[in-house]
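Residue numbers (the numbering used here): 218 to 853.
Glycine included, each C-beta is placed from N, C-alpha and C at the ideal position.
Structure, as structure tokens:
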């Protein structure tokens, strides 16, 4: 996997809870394999372990541009291992990891019960440490608390330096908030960040989520947030907001690397003459050749009379190899016939490889799309949904740059499914390719089907290639271990690629008892917004639209009368309107104020026998003239 460009030492805040870990990480980055090998960093989810690991990789590579740095989560390593075993490519797999200069292995707590993988890791560690290659590992617990690990491997895990990262103290939390705020356009009054730092968050991701919530409120209000507002806003109570939005000012653009220009860069690197270093170039060529990579470009460079820009050439070559590996993984996921294809080992054929993968990906069955009739146009903004609507429009305007994920919570019938689909349709209208919109229950069922049919890689490719993921009713993954594991890796892949993730739930993620901590902390780092019960003005607009959709004539007074009745959800409002429509049709009477009172509060109005005219009244109640007339009804 690629290193995340955002996760560096200069974006990491050092405090008393992580000072030793940071010092050790910088030491191994400065001199890989010399001091602490392996370096084992442990701590709860959301405290910065992965950030430190990526920072080591970036720093080591900055000092030695040609250094091969390999970052991989243990689950991904296991998946690659089994694919190589099944595809008869185990030697290539081994050579790849044996030739790395720094190995960064994330989430090693999942070694439990993986005897075959433990054996391969033990062999790899012996090879790497024998060569003085630096190994860095992270876990949510110390090595001796990882269950069912072979003694010989445990000896390797504990053979270097073991450091922990803890919950940051108050001063560190303030510093983190100040650094995060520095990346944004908006600023708070004095004391606001300090007050937010006093809130009892369990990790840094939750702290970041709290800051996002304050930024969302202040970005939509003409009045600056004060210290007294912090705890109320973080707790999620709805407040009136002004109409002006500054979200666009806070967007950050991302530009992917253009690998189509690879050969031009190589040509430039070859002709630039800096210093003579044939031995280094020959060593690099031998190392890549041992991994099965075509090194014709490097061999041609060796034929030059004077040395090329060795640093630039090797850095460009290494980037192309890494990109080809990513393409190879995507290609084999989309079409198992592409597994092991030589085109993914030839840096001079990057453009061809990219086209081949695009063709394979285009043949994959696309993921479910949002319902076309559920749009922003049919949503009415009120106090109960104001923040959620503004945040939704912000992620549509700049997907993947501000709130990843955006989590929309609310009771059944609050309109969260409608809003989710509206976000998806707006993204499609803005040009986002392949917006996946699916319920969490369907997501889990699709995984089960893929497991049964041996098509997990193709199922993964459906979602990992999506431009955005919209997942409805996230509580449905609670208690489903494999589904949560797949979702964890999918979320990481999409976030790393700068793609938007939007989730809905009937309750906040931190209240889902059987949701894994690693998912809970990632969901908390975005923005969580709540949808409340619709106010009277929202209900009136919905009621008027509902009557108009079935060409039922009612007065404004009748609409207001119905709207002022208490309702806990949009579903209750629509149910009352349907009941009135059906009763009026059966009785052959207009919907008047007296009719509403009699039907909803008093004795039922006598019905005339109109079944022969209307057909089954049950069907009349539930059949809408067109999909657009569903309005804000959702399937909560």
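Going by DSSP in three states, residue i sits in which element: helix, strand or coil?
| i | result |
| --- | --- |
| residue 717 | strand |
| residue 576 | helix |
| residue 747 | strand |
| residue 289 | strand |
| residue 886 | This structure cannot settle anything about residue 886, because the visible part of the chain is limited to 218 through 853. |
| residue 660 | helix |
| residue 491 | Because the pLDDT at residue 491 is just 37, under 50, the model does not fix this residue reliably, and the value given afterwards should be weighed accordingly. Coil. |
| residue 283 | coil |
| residue 665 | helix |
| residue 454 | Note that residue 454 scores 40 on pLDDT, short of 50, meaning its location in the model is unreliable; the coordinates nonetheless yield the value given after this. If DSSP states are grouped into helix, strand and coil, residue 454 belongs with coil. |
| residue 827 | Per-residue confidence for residue 827 stands at a pLDDT of 35, beneath the threshold of 50, marking its modelled position as unreliable; the derived number appears in the next sentence. DSSP places residue 827 in coil when its eight states are reduced to three. |
| residue 393 | helix |
| residue 626 | strand |
| residue 321 | strand |
| residue 276 | helix |
| residue 549 | helix |
| residue 485 | With a pLDDT of 46 at residue 485, under the threshold of 50, the predicted position of this residue should be treated as unreliable, though the coordinate-derived value follows. Residue state, collapsed to three classes: helix. |
| residue 204 | A query on residue 204 cannot be resolved here, the shown segment of the chain reaching from 218 to 853 and no further. |
| residue 781 | coil |
| residue 540 | helix |
| residue 253 | coil |
| residue 496 | helix |
| residue 308 | helix |
| residue 768 | coil |
| residue 808 | coil |
| residue 640 | helix |
| residue 174 | Only positions 218 to 853 of the chain appear in the structure, and residue 174 is not among them; the question remains open. |
| residue 343 | helix |
Out of the options, state which residue places its alpha-carbon closest to the alpha-carbon of residue i.
| i | options | result |
| --- | --- | --- |
| residue 222 | 506, 269 and 515 | 269 |
| residue 219 | 520, 638, 537 and 356 | 537 |
| residue 734 | 357, 391, 332 and 556 | 357 |
| residue 654 | 422, 398, 684 and 498 | 684 |
| residue 695 | 275, 686, 658 and 585 | 658 |
| residue 312 | 361, 448, 509 and 232 | 509 |
| residue 543 | 447, 272, 714 and 592 | 714 |
| residue 207 | 599, 566 and 265 | Beyond the ends of the chain as shown, which are 218 and 853, falls residue 207; an answer cannot be given. |
| residue 612 | 309, 499, 642 and 338 | 642 |
| residue 791 | 764, 532, 806 and 802 | 764 |
| residue 338 | 351, 361, 314 and 360 | 314 |
| residue 617 | 687, 577, 798 and 555 | 687 |
| residue 324 | 706, 716 and 598 | 706 |
| residue 857 | 364, 661 and 717 | The question about residue 857 has no answer here: the residues shown for the chain are numbered 218 through 853. |
| residue 450 | 570, 431 and 441 | 431 |
| residue 679 | 690, 667 and 751 | 667 |
| residue 448 | 424, 436 and 440 | 424 |
| residue 272 | 255, 282, 321 and 293 | 321 |
| residue 818 | 574, 557, 783 and 383 | 783 |
| residue 771 | 384, 660, 806 and 670 | 806 |
What is the C-beta distance between residue i and residue j, in whole angstroms, given that I count them as a contact (C-beta under 8 Å)?
| i | j | result |
| --- | --- | --- |
| residue 755 | residue 601 | 7 Å |
| residue 161 | residue 623 | Examination of residue 161 is not possible in this model, given that the chain is present from 218 through 853 alone. |
| residue 380 | residue 411 | Going by Cβ atoms, the distance from residue 380 to residue 411 rounds to 29 Å, so no, they are not a contact pair. |
| residue 796 | residue 781 | 17 Å between Cβ atoms; not a contact. |
| residue 162 | residue 701 | Residue 162 lies beyond the stretch modelled for the chain, which goes from 218 to 853, so this question has no answer here. |
| residue 534 | residue 545 | That belief does not hold up - the Cβ atoms of residue 534 and residue 545 are roughly 16 Å apart, past 8 Å. |
| residue 682 | residue 651 | 7 Å |
| residue 250 | residue 349 | 4 Å |
| residue 417 | residue 234 | Contact doesn't hold; Cβ gap of about 15 Å is too wide. |
| residue 428 | residue 394 | 6 Å |
| residue 704 | residue 748 | 23 Å between Cβ atoms; not a contact. |
Per DSSP, what are the beta-bridge partners of residue i in this structure?
| i | result |
| --- | --- |
| residue 356 | 259 |
| residue 601 | In DSSP, residue 601 forms no bridge with anything. |
| residue 380 | 258 |
| residue 652 | 685 |
Would you say residue i faces chain D, with C-beta separation under 9 Å as the test?
| i | result |
| --- | --- |
| residue 569 | Absent from the structure is chain D; it holds one protein chain and no more. |
CB of residue i to nearest heavy atom of the ligand ZN: below 8 Å?
| i | result |
| --- | --- |
| residue 533 | As far as ligands go, the structure on display features none, and thus does not contain the ligand ZN. |
Next on the checklist: With a threshold of 8 Å, are at least 3 pairs of Cβ atoms found where one atom belongs to the region 760-777 and the other to the region 717-727?
Outcome noted: no
Item to check | contact_flag[the region 279-296, the region 396-411] where n(CB pairs < 8 Å) is 3 or more | outcome: no
Next on the checklist: Within 8 Å, do at least three Cβ pairs link the region 355-371 to the region 248-266?
Outcome noted: yes
Next on the checklist: For the region 737-745 against the region 771-781, do three or more pairs of beta-carbon atoms, one drawn from each stretch, fall closer than 8 Å, so that the two count as touching?
Outcome noted: no
Next on the checklist: Using a Cβ distance threshold of 8 Å, determine whether the region 396-406 contacts the region 361-371, with at least three qualifying pairs required.
Outcome noted: no
Checklist entry - Does the count of Cβ pairs from the region 587-595 and the region 630-642 closer than 8 Å reach three? => result yes
Checklist entry - Does the region 240-250 come close enough to the region 296-306 that 3 or more CB-CB pairs lie under 8 Å? => result no
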